[in-house]
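Since the structure comes first, as structure tokens, the remarks are kept for the end.
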Amino acid sequence: MNLLVVGATGTLGRQITRRALDEGYQVRCLVRSPRKAAFLKEWGAELVRGDLCDRTTLAPALDGITAVIDAATTRPTDSLSIKQVDWEGKTALIDAAKAANVERFVFFSILNAEQFSAVPLMEVKRCTELYLAESGLNYTILRPAGFLQGLIGQYAIPILERQAVWVMGEMSAIAYMDTQDIAKFAVRALKVPETAKQTYPVVGARAWSSYEIIRLCERLSGQDAKIAKMPIGLLRTVRRIARFFQWSWNLADRLAFTEVLASGQPLTAPMAEVYSTFGLEPQDTTTLEAYMQDYFTRIMKKLKELDYEQSAQKQAKRRIPF
Ligand SMILES: NC(=O)c1ccc[n+]([C@@H]2O[C@H](COP(=O)([O-])OP(=O)(O)OC[C@H]3O[C@@H](n4cnc5c(N)ncnc54)[C@H](OP(=O)(O)O)[C@@H]3O)[C@@H](O)[C@H]2O)c1
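Remember, the working numbering sits 11 above the position in the sequence shown when you count from 1.
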């Protein structure tokens, strides 16, 4: 099977590429910057320059391809909007895949997308799910809730650096999953015929609230977190102001996501049947505790080594008389 990965430089896309290469797939990656994607080439993937927002690049990228895994999404740092990339770009990719007679198409949506029509990214995901279902393609839709990888910057680093950890009152608990584990589901979908024309959640064993994650990080780091509360009302006001100016529409669309977190509704789903359908084992999935434990063990070891090196350098300096 010749696989095209879209979004392969992203947090999830790179894990999908790694996993697919490890499983022996011929992997081609559609990338906007081959220089930035050089690591994928080193791993053994073929790179093809393209952009979801440039339709003319899609047909050549799909030439000879039998399966597509799409893990792309708008970068918050990009000038392109959610509508341009996640709607116009994705529908263009689906059309091109259909025209290229692609046999399997895996798409990443977000858990509970249908419940938040006022949140632009959720609404776009829901509409793309429908577009894909009507495309005639043999699709599989996977719906994660959140990635463990995001928790390092959000909680672990600020706690270690004694910086503020921002929380929004009682935020919804989220069943985070490691992107390496999500990648297993995406690649396995290509081999399990029952997953065609189906939608599945891909979430961790249980939903974690912000405070539970903070307490875990405090325990593992031995440091107290400085918790700073961001009132939801303030975020809503910033969003309303941002909607006035075209240059900040992207920011406003992203701030809308706070409505999902403020709903108080846990982002989680039962996974037993999903594991069984994909032939994967729940016990092989990394838990949030294990992921954080591993991170703090490695970082603490590094900090100790640095401390040791610095005191060794100081001692050596003291020994030099001039
Ligand atoms: N992050 C989460 O917690 C989360 C939760 C639920 C679902 N998801 C879904 O999971 C998928 C992967 O998310 P992620 O966080 O791994 O994404 P990410 O790290 O932000 O990466 C986005 C990827 O999309 C590519 N991309 C952006 N605009 C593009 C364009 N116009 N043409 C071609 N490629 C483009 C980026 O390429 P460049 O390197 O060139 O920018 C990058 O490879 C997405 O569908 C997302 O909606 C994510």
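Virtual Cβ for every residue (Gly too), placed ideally from N, Cα, C.
- For leucine 41, same chain residues with a beta-carbon under 7 Å away, outside a window of 5 residues either side, are Leu15, Val17, Val59, Gly61, Ala72 in chain order.
- Placement of the Cβ of isoleucine 76 at a distance of 7 Å or more from every heavy atom of ligand 1 is found.
- Membership of alanine 78 in any alpha helix (DSSP H) is not indicated; the residue belongs instead to the beta strand (DSSP E) covering 78–81.
- Contact between alanine 200 and valine 113 is ruled out by a C-beta separation of about 14 Å, above the 8 Å threshold.
- For the pair arginine 39 and asparagine 13, the CB atoms are nearer than the 8 Å cut-off.
- Threonine 84 and asparagine 123 have their C-alpha atoms roughly 17 Å apart.
- Nearest C-alpha to glutamate 292 among Leu262, Ala167, Gln37, Val213: Val213.
- DSSP places isoleucine 27 in no beta strand (DSSP E) but in the uninterrupted alpha helix (DSSP H) bounded by 22–33.
- In the DSSP assignment, proline 169 falls outside any beta strand (DSSP E) and lies within the alpha helix (DSSP H) extending over 168–171.
- Less than 8 Å divides the Cβ of valine 178 from the Cβ of lysine 240.
- In the DSSP annotation of this structure, the continuous segment of the beta strand (DSSP E) that includes isoleucine 152 starts and ends at 150–155.
- Using a 10 angstroms sphere on the CB of alanine 156, the tally of other CB atoms reaches 16 or more, which defines it as buried.
- Judged by DSSP in its simplified three-state form, leucine 15 adopts strand.
- With fewer than 16 other Cβ atoms inside 10 Å of its own Cβ, glutamine 321 counts as exposed.
- Within the DSSP bridge table, the entry for threonine 210 names Ile152 as partners.
- Between serine 220 and isoleucine 170 the beta-carbon gap is near 16 Å, outside 8 Å, which marks them as no contact.
- With respect to the 8 Å criterion, alanine 194 and isoleucine 76 are not classified as neighbours on the basis of their beta carbons.
- Assignment of isoleucine 224 by DSSP, reduced to helix, strand and coil, places it in the helix class.
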